[in-house]
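Numbering (the working numbering), first residue to last: 17 to 442. Every residue gets a Cβ at the ideal spot worked out from N, C-alpha and C, and that includes glycine.
Next up, the structure:
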């Protein structure tokens, strides 16, 4: 409870500010309770069995990324986001990083228990302890290749809009103006990237727009397809002002873009819709069906950046660079947006791709294939960023083999539960 209260404290703060009512914080209570109970189950099943605990922990992290209530937040592996050793993710993804962190904890518990039972032989275990500590320090002292600028320039635009700004009607003017200014200052830019939901489909630049001539635009936009009442949260690729490819967001935000079990709980949803000032018949958006690569751009949208499988599939499907279009304004002034940004850095390390991140009010940044922040715009500021990147090919071990670390964790859990030695809790 203490961990999740601290880690997700931005949730009630953001929602209360966003909806201007205390009802915006109500969802915080069940989220904390569910998260705490799931981890309590792991700890309860693995009392005095630390190997099983480490394995079950990683398996539970994986399970929280599945299903309609998926909320893959707070993974242990993100503790290595600022460590060069995050590059282990290129072999096994975020779940391998979690396995490393928890594996080190497990080995420390084994060494501690051994020293308590037989202090006279601790010197032998002391060697193992030194090796373990050297390995851990090595994750932080890992020498990455010297940072190199890419050979291509993209212009990332940040309009600094938020749900309470009242400026959405002028969003097309803002993004067109900033794009024109950016292209004038950086004519070498071959692509322009606009954030999630920056404009409606009809407001996308038309053929003949001067700053777009000879360039590609990757834009987050609401596109209206036949049979869709609300439109789809999408990304579109425009070449010389014409849409040549589009992608509809596949992993939608529960309780934000779709409402789990709405048919089964209509009265409950009606109550909260009224309390928050929504339409009483508000319906879920329609998710996309396939992970369509936009030309050479694997373009994923906002919440999808916390799902390792999304960027992995885009890379498998031929993406040579990843473009994340996001609207983190709903996080408000809390640190939730920064958590979202830091988690997204691991996607670069997992896939070995540059990441072009365009946020409505930040963080707008360019990440290299090692997860390093090469350039960025400060949050809550209107502007543009001319970032250097490269189109890359090839696949990391993680892209090819996927979440094999979860199977290792499952094996650890099984061994720990069936044959693990019952050692004192440390």
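Taking its Cβ as the centre, do 16 or more other Cβ atoms sit within 10 Å of residue 416, making it buried, or is it exposed? By the Cβ-count criterion, residue 416 is exposed, with fewer than 16 other Cβ atoms from all chains shown falling within 10 Å of its own Cβ.
Here's the rule I'm using: 16 or more other beta-carbon atoms within 10 Å means buried, otherwise exposed. How should residue 435 be labelled? Around the beta carbon of residue 435, fewer than 16 other beta carbons lie within 10 angstroms, which makes this residue exposed.
Are the beta-carbon atoms of residue 408 and residue 170 separated by less than 7 angstroms? Contact flag unset, no.
Touching by the beta-carbon criterion (3+ pairs, under 8 angstroms), the segment 220-237 and the segment 253-265: Counting Cβ pairs under 8 angstroms, three or more are found: they touch.
Is it buried or exposed for residue 385, if we count other Cβ within 10 angstroms and need 16 for buried? By the neighbour-count rule (16 or more Cβ atoms within 10 Å), residue 385 is buried.
I need the boundaries of the beta strand (DSSP E) containing residue 390, first residue and last residue. For residue 390, the enclosing beta strand (DSSP E) stretches over residues 389-393.
Where residue 212 and residue 43 are concerned, what is the direct C-alpha to C-alpha distance, given to the nearest angstrom? In a straight line, the C-alpha of residue 212 is about 24 angstroms away from that of residue 43.
Cβ-based burial, residue 203 [other Cβ within 10 Å; buried from 16]: By the beta-carbon neighbour count (other beta carbons within 10 angstroms, threshold 16), residue 203 is exposed.
What is the DSSP secondary structure of residue 227, counted as helix, strand or coil? DSSP places residue 227 in helix when its eight states are reduced to three.
Host beta strand (DSSP E) of residue 241 (start-end): Taken as a continuous stretch (DSSP letters only), residue 241 belongs to no beta strand (DSSP E), as it is neither H nor E.
Examine the Cβ distances between the segment 384-402 and the segment 313-320 and report whether three or more of them are shorter than 8 angstroms. Below 8 angstroms, too few C-beta pairs join the segment 384-402 and the segment 313-320 to call them touching: fewer than three.
Coarse secondary structure for residue 132, derived from DSSP in three states: Note: residue 132 maps to helix in three-state DSSP.
As an exercise, report each continuous alpha helix (DSSP H) stretch of at least 4 residues that is fully enclosed by the segment 33-82, in chain order. Listed in chain order, they are 44-61, 66-79.
Give the range of the alpha helix (DSSP H) segment to which residue 197 is assigned. Element bounds for residue 197: 187-201.
Thinking C-alpha only, which one of 22, 92, 132 is nearest residue 118? Checking every option, the nearest Cα to that of residue 118 belongs to 92.
Quick one: residues in its chain with C-beta nearer than 6 angstroms to the C-beta of residue 228, no 5 flanking neighbours on either side, listed in chain order? For residue 228, where only same-chain residues beyond five positions count, the Cβ hits under 6 angstroms are 221, 257.
Report yes or no: do three or more beta-carbon pairs, one from the segment 149-158 and one from the segment 351-360, lie closer than 8 angstroms? By the Cβ rule, the segment 149-158 does not count as touching the segment 351-360, because fewer than three pairs are nearer than 8 angstroms.
For residue 333, count neighbouring C-beta atoms within 10 Å of its own C-beta (all shown protein chains included) and say buried if the count is 16 or more, exposed if not. Only exposed fits residue 333, as fewer than 16 other CB atoms lie within 10 angstroms of its CB.
Status (buried if at least 16 other CB within 10 Å, exposed otherwise) for residue 22: Using a 10 angstroms sphere on the CB of residue 22, the tally of other CB atoms stays under 16, which defines it as exposed.
Under 7 angstroms between C-beta atoms of residue 261 and residue 310: Yes, these two residues count as a Cβ contact at 7 angstroms.
Check whether the segment 69-84 and the segment 100-109 touch, using three or more Cβ-Cβ pairs below 8 angstroms as the test. In this structure the segment 69-84 does not lie against the segment 100-109, because fewer than three pairs of beta carbons, one per stretch, are closer than 8 angstroms.
Bridge-paired residues (DSSP) for residue 404: According to DSSP, residue 404 bridges with 169.
Classify residue 281 as buried or exposed, calling it buried when 16 or more other Cβ atoms lie within 10 Å of its own Cβ. Its Cβ having fewer than 16 others within 10 Å, residue 281 is exposed.
Per-residue burial, residue 206 [other beta carbons within 10 Å of its own, 16 or more giving buried]: By the 10 Å Cβ count, residue 206 comes out exposed.
Per the DSSP calculation, residue 313 is bridged to which residue(s)? Paired residues: 310, 337.
Classify residue 218: buried if its beta carbon has 16 or more other beta carbons within 10 angstroms, exposed otherwise. With fewer than 16 other CB atoms across the displayed protein chains lying within 10 angstroms of its CB, residue 218 is exposed.
Should residue 322 and residue 359 be called a contact, given that it needs their Cβ atoms to be closer than 7 angstroms? Yes, these two residues count as a Cβ contact at 7 angstroms.
So is residue 174 buried or exposed if we call it buried at 16+ other beta carbons inside 10 Å? By the neighbour-count rule (16 or more Cβ atoms within 10 Å), residue 174 is buried.
Apart from the five residues just before and just after residue 421, which ones in its own chain have a Cβ nearer than 6 angstroms to its Cβ? Correct list, in chain order: 108, 111, 112, 115.
Kindly indicate which three-state DSSP category residue 21 falls into: helix, strand or coil? Correct three-state label for residue 21: helix.
If you compare alpha carbons, which of 336, 20, 18, 24 is closest to residue 347? The shortest C-alpha separation from residue 347 is found at 24.
For residue 442, count neighbouring Cβ atoms within 10 angstroms of its own Cβ and tell me buried if that reaches 16, exposed if not. Confidence in residue 442 is poor, its pLDDT being 38 and thus under 50, which makes the residue's placement unreliable; the coordinate value appears in the next sentence. Classification for residue 442: exposed.
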